[in-house]
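Let me begin by presenting the structure, written as C-alpha cells, before commenting on it.
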Amino acid sequence: MPSSVKYGSLPFKKQIEFFQKKLAMPTKTWTDIYAGEHDHAFMVAGAAKMAIVEDFQRTIGDMIENGKTIADFRKEFDAIVERHGWAYKGGRNWRTRVIYETNLRQSYHAGREAQMADPELRKARPYGLYRHGGSEDPRPEHLELDGTVLPLDDEFWDTWSPQNGWGCTCKKYMVSDQDIARLKLKVSERPPVVETETKTIGIRGPNPRTVTVPKGIDPGFEHRPGANRLRGVTPAQLDEPIRSEPGRTFPARLAEDALPATRELPTKLLPEGLDDETYLKAFLKEFGADIGKPVVFKDAVGERISISEALFLNNKGELKVTKRERAPYLPLLAATVLSPDEIWVAAEWHRSIGRAVLRRRYIARYTVEGSATPGIAVFEWGRGGWAGVTTFNSSDEYVERFRQGVRLYRREE
C-alpha cells in the first residue's frame, strides 16, 4: 500500500462538503433513488415524510463531521423513530447498519473522488489502484481486481470505483510511477473486461425496475461516487412556477401508467369578479380554516401543510389572490390538495438561484360542471413558495410532464 496515500489519512473536508450539499428527498422504497442520483439526494428508504428524512440527514451529518459510531447512530435512530412514529421495514440492527455504513462510506468515497479530480494532484499521481477490502467472504470479482492499476481517466473507474456493493470495503488509491515501481505493480495495458447482467430489483415494493449492472456489483453501486454532482412554515406565493432547466430534474424517471380515472369535482368553481377576501375565504373554508384561523393540514402521506392567508401574501405582505386570473379555480386547487390522484416529489436544478430545490406536486383530474374537457390541477409546493396550475388541456403529454420523480402516493380506484 503506498505510504504517501494512506487510506483515510486525508482531511474529510470534501466528504463533509459532499454530504452537506445533498437534498433531503422523501421516498417510498429504496429503488426510488438509484445509482448516481444519490450524489444529489439524501434518502432513507420508505421515509415518505420530509421531517423524518431531514432528521436522519442531520443525524448522519453529525456522525460524519464528529466521527461518531454506529452505537451513537442507533441511539439517534431510536429517538427519530419514536418521535415520528415511523413504522420502518426490516430489523433494527440491519436497517441502522445499512443507513450508517452506506452513507459514511459513499460520502467518504465521493470526497476522495473530489480530491482525485485536482489537476495538479493527477499530474503527480495519474493512476488508480484497486485494493480489495479484506472481507472474510469476498466477492470473487472484487478479489480478482485486487492490484489492478489503470489511468484515473480510464472509463473502467466510472463503474468500478468503490463502494461496489452493500458492505463492500474495497478501496481506490491514487498512485504515482514511483509508487508503482516500489510496490512492484504494473499498469494494465487494457481495462478488465466488464461483463453485465440484467436484474429486476424492488419486486416486492411499489417501484420495481429492471437494471443492467456489471457482474460483481450490486444494483445501485455501478457508478463513481460524486461523479454526477449537480453544480418559513407557510411558503409565500410565487409569481410564477420556478422553471427548471431541461434535463436537470432528478430522479428523471417518468410514470409508466396512466392517472387514475377522472372524478367529479366535489364543489363548484367560483364566479368571476369577486373580491380577494371572498376568494380567499372560500379556499380556506375547504380546509376548515379562515382568515386569522390557520390550520395544519395533513396530506395523504402524512405530510403537514400550513393553510392560512399567508399562502396568498406577496413579499410585501399584500394580499394577491386574483393574480393570473386563477381565482375562480381555487376550489379545484383545494380539492387537488385534499384528495389528489397522485403526489410526486422531484429535485430541480435552477441556474438562476444556483442550487437544486425540492418540489412536491399534488396532481388531480376532475370533471367540472360546464366543461366538456376535464380540469387538471397541479399544486406545486416547496420551501421557497408554492404555485398552482389549472388547465382544461386534455393532452396526455401535458399531464405527463408533471408526473416524474418519486411518486409518494397514488389514489386507489
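Sequential numbering from 42 applies to the sequence shown in the numbering used here.
Backbone N, C-alpha and C define an ideal beta-carbon position, used for all residues, glycine too.
Exposure of residue i, with buried meaning 16 or more beta-carbon neighbours within 10 Å
i: D316; result: exposed
i: K339; result: exposed
i: V362; result: buried
i: T253; result: exposed
i: Q219; result: exposed
i: V85; result: buried
i: W135; result: exposed
i: K213; result: buried
i: L191; result: buried
i: Q61; result: exposed
i: T251; result: exposed
i: L295; result: exposed
i: N144; result: buried
i: K63; result: buried
i: D80; result: buried
i: P372; result: buried
Straight-line Cα distance separating residue j from residue i
i: E453; j: S380; result: 11 angstroms
i: L360; j: A89; result: 33 angstroms
i: V440; j: E366; result: 21 angstroms
i: Y129; j: E344; result: 17 angstroms
i: I101; j: P179; result: 27 angstroms
i: A277; j: E263; result: In this prediction, A277 scores a pLDDT of 47, lower than 50, which makes its location untrustworthy; no coordinate-derived value is stated.
i: T210; j: F97; result: 23 angstroms
i: E78; j: T319; result: 45 angstroms
i: E350; j: N356; result: 13 angstroms
i: P249; j: P312; result: 45 angstroms
i: D187; j: G267; result: 23 angstroms
i: F53; j: K322; result: 53 angstroms
i: R153; j: T110; result: 21 angstroms
i: E327; j: I74; result: 34 angstroms
i: V216; j: G208; result: 25 angstroms
i: G329; j: G126; result: 26 angstroms
i: K240; j: I258; result: 11 angstroms
i: F420; j: R402; result: 6 angstroms
i: D103; j: E230; result: 43 angstroms
i: R396; j: P255; result: 32 angstroms
i: F324; j: T431; result: 15 angstroms
i: P475; j: F291; result: Lying outside 42 to 454, the shown extent of the chain, residue 475 is not represented and no answer is given.
According to DSSP, residues forming a beta bridge with residue i
i: Q445; result: L295
i: M215; result: G169
i: W422; result: R401, W427
i: V336; result: I348
i: V252; result: K240
i: Y407; result: R304, G416
i: T290; result: E389
i: V190; result: L170, V228
i: R451; result: E383
Collapsed DSSP secondary structure at residue i in the structure displayed
i: I348; result: strand
i: Y75; result: coil
i: E318; result: helix
i: V386; result: strand
i: A65; result: strand
i: F433; result: coil
i: L354; result: strand
i: R396; result: strand
i: V85; result: coil
i: L311; result: coil
i: Y129; result: coil
i: P266; result: coil
i: V274; result: Residue confidence is low: V274 scores 40 on pLDDT, short of 50, so the model does not pin down where it sits. Its coordinate-derived value is still stated next. Note: V274 maps to coil in three-state DSSP.
i: V228; result: strand
i: V440; result: helix
i: D195; result: coil
Closer than 7 angstroms: residue i CB and nearest the ligand GDP heavy atom
i: S436; result: Of ligands this structure carries none, so the ligand GDP is not represented either.
> Quick one: complete beta strand (DSSP E) runs, 3+ long, within the segment 135-184?
Replying inline: Fully enclosed beta strand (DSSP E) runs of no fewer than 3 residues occupy 168-172 of the segment 135-184, in order along the chain.
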